[in-house]
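Trainee: When we follow the working numbering, the leftmost residue of the sequence shown carries the number 26, and every step to the right adds one. One structure, as structure tokens, below. Some questions next.
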Amino acid sequence: GVQITTATLPAGDSGALYGPVSLQAINGAQPYDWSVYSGTLPAGLSLSPGGVLDGTPTGFGGVFQATIRVEEAGGATHERQYNIVISGSLAGAGGRAKNKNACASEGGSAPYALLAILGVLSLVTLTRRRTT
Numbered sequence: 026g027v028q029i030t031t032a033t034l035p036a037g038d039s040g041a042l043y044g045p046v047s048l049q050a051i052n053g054a055q056p057y058d059w060s061v062y063s064g065t066l067p068a069g070l071s072l073s074p075g076g077v078l079d080g081t082p083t084g085f086g087g088v089f090q091a092t093i094r095v096e097e098a099g100g101a102t103h104e105r106q107y108n109i110v111i112s113g114s115l116a117g118a119g120g121r122a123k124n125k126n127a128c129a130s131e132g133g134s135a136p137y138a139l140l141a142i143l144g145v146l147s148l149v150t151l152t153r154r155r156t157t
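Following this line, the structure appears as structure tokens:
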């Protein structure tokens, strides 16, 4: 039957054009119909029915898992799971980031992925109780 031959998908950067990447398959009757079977593509990327993955990733980076399905004209299908690594940036999250702080990593194996989580700072006020 039909079989997806694209082994891996390239990494990308948030806010930068990704692809186009043409997925490949062998065997089966053409035309092939491609779709995301399960999982999630990075926001801003799309897969056409013709098997072309492209777009501009938005938001924070990360590792996105998606299972891609190809269906050949005779109805046979094949699925393959992919990890798509998107390097994030605060600028890709909707604005130009001005970073006055730096961070470094030591040890482990490259490439490194940094997940930044922005939140609201909660202030805790302590009051002193007077005793008389």
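We put the CB at the ideal spot given by N, CA and C, even for glycine.
Looking at residue 82 and residue 41, is the spacing between their C-beta atoms short of 9 angstroms?
Mentor: Taking the first residue of the sequence shown as 1, we reach residue 41 at position 16. Taking the first residue of the sequence shown as 1, we reach residue 82 at position 57. The answer is yes: Cβ separation under 9 angstroms.
Trainee: If we call anything under 9 angstroms between Cβ atoms a contact, is residue 60 one with residue 78?
Mentor: Along the sequence shown, one-based indexing puts residue 60 at 35. Along the sequence shown, one-based indexing puts residue 78 at 53. Taking 9 angstroms as the Cβ cut-off, residue 60 and residue 78 do not qualify as a contacting pair.
Trainee: Could you check if residue 39 is buried or exposed, using at least 16 other CB atoms within 10 Å of its CB as the buried criterion?
Mentor: Translated into the one-based positions of the sequence shown, residue 39 becomes position 14. Buried is the call here.
Trainee: Counting C-beta neighbours from all protein chains within 10 Å, is the total for residue 109 16 or more, i.e. buried, or is it exposed?
Mentor: For the purposes of this step, residue 109 is taken as residue 84 along the sequence shown, with counting starting at 1. Under this definition residue 109 is a buried residue.
Trainee: Is the separation between the beta-carbon of residue 112 and that of residue 75 shorter than 9 angstroms?
Mentor: By 1-based counting over the sequence shown, the position of residue 112 is 87. By 1-based counting over the sequence shown, the position of residue 75 is 50. The answer is no: Cβ separation not under 9 angstroms.
Trainee: Give me, in chain order, the residues of the same chain whose beta-carbon lies closer than 6 angstroms to that of residue 62; leave out the 5 immediate sequence neighbours on both sides.
Mentor: Reading the sequence shown from its first residue, position 37 is the one you call residue 62. Here the set comprises 92, 94, 104.
Trainee: Could you give the distance in angstroms between the alpha-carbon of residue 84 and the alpha-carbon of residue 101?
Mentor: Here the question's residue 84 lines up with position 59 in the sequence shown. Here the question's residue 101 lines up with position 76 in the sequence shown. Whole-angstrom Cα-Cα distance: 36 angstroms.
Trainee: Residues in the same chain with beta-carbon distance under 8 angstroms from residue 32, minus the five sequence neighbours each way, listed in chain order, please.
Mentor: Locating residue 32 in the sequence shown gives position 7, counting from the first residue. Here the set comprises nothing.
Trainee: Assign residue 51 to one of two classes, buried (16 or more other C-beta atoms within 10 Å of its C-beta) or exposed (fewer than that).
Mentor: Counting from one through the sequence shown, the residue named residue 51 turns up at place 26. Result: exposed.
Trainee: What would DSSP say about residue 102, mapped onto helix, strand or coil?
Mentor: Within the sequence shown, residue 102 is the residue found at index 77, counting from 1. If DSSP states are grouped into helix, strand and coil, residue 102 belongs with the strands.
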